[in-house]
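Every number in our numbering is 94 more than the matching position in the sequence shown, counting from 1.
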Amino acid sequence: MSEQQPNPYTSDPAGQGGQPGTPATPGQGDYKWGPGEASYGYPQPYPAPPAPPAYQPTIGGAGIPAPAYNAPAPVGGAGLSLGDITIAGDQIITPSGNMPLRGAMWNATDFSRTEEKIPPHAIVLAIVFFLFCLLGLLFLLMKEKTTTGYIQVTVTSGGRHHSTMIPAVDAYTYQWVMSQLNYARSLSI
Numbered sequence: 095m096s097e098q099q100p101n102p103y104t105s106d107p108a109g110q111g112g113q114p115g116t117p118a119t120p121g122q123g124d125y126k127w128g129p130g131e132a133s134y135g136y137p138q139p140y141p142a143p144p145a146p147p148a149y150q151p152t153i154g155g156a157g158i159p160a161p162a163y164n165a166p167a168p169v170g171g172a173g174l175s176l177g178d179i180t181i182a183g184d185q186i187i188t189p190s191g192n193m194p195l196r197g198a199m200w201n202a203t204d205f206s207r208t209e210e211k212i213p214p215h216a217i218v219l220a221i222v223f224f225l226f227c228l229l230g231l232l233f234l235l236m237k238e239k240t241t242t243g244y245i246q247v248t249v250t251s252g253g254r255h256h257s258t259m260i261p262a263v264d265a266y267t268y269q270w271v272m273s274q275l276n277y278a279r280s281l282s283i
């Protein structure tokens, strides 16, 4: 380890920066600490759109202006997401590939169920208070609703088909999914 390793940050081909034991003189292209000049430059503005023609073209004989020159394509609706199905512009984006939005067929199937049962703490309270008075039986009127399952959403468009499962968190999940689905149907017309 008595041998000194070359400095990879120096521009000196010998890698020593001059004689051993003497510091390198500034200005020889040594590595400089701190931020330097940006190599990419300043951000440039977006390119200008193509210029319209110098005159307003008309449709022959009618004297009515023609549609705008190089008009951008109309964008579909705003973004919407149902599970792993996303609508962006005029496309339906799914893991199985992109589909056209126009003419898409949307379906939803409810595979959820809501159960109503008496919770265990209500049974314990009813037994404890039954010994003291008959009002303890009112604790058996306590009910608890739990929703389990999922809602299946399917979309078919452009010869492709994709389905996704959305977990049902409460009894109103299906109504929420149907409202989103009806919005997607309105965009598909």
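Just so you know, even glycine gets a beta-carbon here, dropped at the ideal spot from N, CA and C.
Contacting residues, own chain, Cβ-Cβ under 7 angstroms from residue i (five flanking each side not counted)
i       : result
Gln-274 : Leu-174 and Leu-176
Met-223 : Position check: residue 223 holds Phe in this sequence, whereas Met was assumed. Hits under 7 angstroms: Leu-229, Gly-230 and Phe-233.
Asn-201 : Thr-248
Arg-279 : Trp-200
Ala-167 : Here Ala-167 scores only 49 on pLDDT, less than 50, and its place in the model is too uncertain to base an answer on.
Burial state of residue i (16 or more Cβ within 10 Å)
i       : result
Thr-188 : buried
Val-249 : buried
Ser-206 : buried
Gly-256 : The question names Gly, but residue 256 is His in the sequence shown. With 16 or more Cβ atoms within 10 Å of its Cβ, His-256 is classed as buried.
Leu-195 : buried
Ile-245 : buried
Rounded straight-line distance, which links the Cα of residue j to that of residue i
i       : j       : result
Gln-99  : Pro-143 : 56 angstroms
Ala-165 : Ala-262 : Reliability fails at Ala-165, whose pLDDT of 48 lies under 50, so the model's placement of it is uncertain and the value that follows must be treated cautiously. Rounded to whole angstroms, Ala-165 to Ala-262 spans 44 angstroms at the Cα level.
Ala-265 : Val-218 : 27 angstroms
Thr-203 : Tyr-268 : 9 angstroms
Leu-235 : Ser-251 : 50 angstroms
Pro-214 : Gly-243 : 23 angstroms
Ile-221 : Leu-281 : 57 angstroms
Asn-276 : Gly-197 : 14 angstroms
Ser-190 : Gly-253 : 12 angstroms
Leu-225 : Ala-216 : 15 angstroms
Tyr-163 : Ile-181 : Because Tyr-163 sits at a pLDDT of 49, beneath the cut-off of 50, its placement in the model cannot be relied upon, and the following sentence gives the value as read from the coordinates. Cα-Cα distance, rounded: 28 angstroms.
Sequence-distant residues of its chain with Cβ nearer than 6 angstroms to residue i (five each side left out)
i       : result
Thr-258 : Gly-177, Asp-178, Ile-179 and Val-247
Thr-208 : Lys-239, Thr-241 and Ala-265
Cys-227 : none
CB-CB length for residue i against residue j, believed under 8 angstroms
i       : j       : result
Val-271 : Ile-260 : 6 angstroms
Close beta carbons around residue i, own chain, < 8 angstroms, minus the five adjacent residues each side
i       : result
Asn-192 : Gln-185 and Ile-186
Thr-211 : According to the sequence displayed, residue 211 carries Lys and not Thr. Excluding residues within five positions, the ones whose Cβ falls inside 8 angstroms are Lys-237, Glu-238 and Thr-240.
Ala-145 : none
Pro-141 : none
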